[in-house]
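Residue numbers (my numbering), protein chains in the order written: chain Y, 381 to 496; chain P, -18 to 95. Below is one structure, written out as structure tokens; comments come after it.
Quick look at the structure:
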């Protein structure tokens, strides 16, 4: 039973470049979440998918951010024209159905982004 | 909107001492509450959760938490700290009846001294 996997684990990019992160959820998990975490802070919700449908986006998700989940399997999070303020860890998580109904949300190990 | 407040960004204890990490929530409807642990450069791992039923919840690694509605609290405790418990701990809340997306607190860093 593989967990949530994220790639790459670390990315250093120059300001203005585009970056893309990939997340492979636990097999058969229909919900997939993206969070952002900066140093000294808790994870902040960005967006989530129910199967292939993106159902909710946070105000944190500016126009430079886009997420997809084609075919309801893996997901990608793309950041265009990166800014130094985008430096953070991007966490992906998945769950089988709504969390709280005995369903647990499982997190990946995160993708660290450093914008220089 | 639902939220959680974790009192104390850092908590320092001696090995073998009681661990108490505080979490208060804000929710107008019955919440689901969670504690997660994060080790350096890793993702979050679920310690325990409260959904319904018994208000004292036992989790992994000897941790437990008690849901107290009258105090809107969900404090995390462990009777005896181990060096391996040193990590960042996050409390999270989900408002029942919503989209069931966890909202996290800012975290408490647990430091364990030998």
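Backbone N, C-alpha and C fix where the C-beta goes; we use that ideal spot for every residue, glycine too.
Note down, in chain order, each residue of its chain lying with its Cβ closer than 6 Å to the Cβ of residue i, except the 5 sequence neighbours on either side.
| i | result |
| --- | --- |
| residue 75 of chain P | 13, 81, 83 |
| residue 54 of chain P | 5 |
| residue 387 of chain Y | 402 |
| residue 405 of chain Y | 384, 412, 474 |
Reducing DSSP to helix, strand and coil, say where residue i ends up.
| i | result |
| --- | --- |
| residue 12 of chain P | strand |
| residue 437 of chain Y | strand |
| residue 443 of chain Y | coil |
| residue 478 of chain Y | coil |
| residue 52 of chain P | helix |
| residue 397 of chain Y | coil |
| residue 42 of chain P | helix |
| residue 26 of chain P | strand |
Can you list the residues of chain Y that residue i reaches, using a CB-CB cut of under 9 Å?
| i | result |
| --- | --- |
| residue 80 of chain P | 428, 435, 436, 478 |
In chain P, what lies closer than 9 Å to residue i by C-beta?
| i | result |
| --- | --- |
| residue 489 of chain Y | 22, 23, 24 |
| residue 471 of chain Y | 24, 25 |
| residue 425 of chain Y | 82, 83, 84, 85 |
If you drop the 5 nearest sequence neighbours on each side, which residues of the same chain put their C-beta closer than 7 Å to that of residue i?
| i | result |
| --- | --- |
| residue 444 of chain Y | 459, 460, 461 |
| residue 390 of chain Y | 492 |
| residue 467 of chain Y | 493, 494, 495 |
| residue 37 of chain P | 45, 47 |
| residue 408 of chain Y | 476 |
Might you give, ordered along the chain, the residues of its own chain that have their beta carbon closer than 8 Å to the beta carbon of residue i, omitting 5 neighbours on each side?
| i | result |
| --- | --- |
| residue 175 of chain P | Nothing about residue 175 of chain P can be reported from this structure: the residues present for chain P run from -18 to 95 only. |
| residue 428 of chain Y | 411, 412, 413, 414, 434, 435, 436 |
Check this for me: beta carbons of residue i and residue j, under 8 Å apart or not?
| i | j | result |
| --- | --- | --- |
| residue 71 of chain P | residue 48 of chain P | no |
| residue 402 of chain Y | residue 456 of chain Y | yes |
| residue 26 of chain P | residue 17 of chain P | yes |
| residue 73 of chain P | residue -15 of chain P | yes |
Give me the chain Y residues within the contact set of residue i, using Cβ-Cβ distance strictly less than 7 Å, ordered along the chain.
| i | result |
| --- | --- |
| residue 11 of chain P | Those within 7 Å of residue 11 of chain P in chain Y number zero; the least Cβ separation is about 10 Å. |
| residue 3 of chain P | Simply none; closest approach about 14 Å. |
Residue i touches chain Y at which residues, Cβ-Cβ below 8 Å?
| i | result |
| --- | --- |
| residue 88 of chain P | 420, 421, 422 |
Residue i touches chain P at which residues, Cβ-Cβ below 8 Å?
| i | result |
| --- | --- |
| residue 484 of chain Y | 27, 30 |
Any 3 or more C-beta pairs closer than 8 Å across the region 59 to 66 of chain P and the region -7 to 5 of chain P: yes
Is there contact between the region 392 to 399 of chain Y and the region 414 to 434 of chain Y, where contact requires at least three CB pairs shorter than 8 Å? Contact fails: fewer than three Cβ-Cβ distances are below 8 Å.
Is it the case that the region 39 to 47 of chain P contacts the region 466 to 481 of chain Y, given that we only count it when at least three CB pairs across the two stretches are under 8 Å? Contact between the region 466 to 481 of chain Y and the region 39 to 47 of chain P is absent, because fewer than three Cβ pairs lie under 8 Å.
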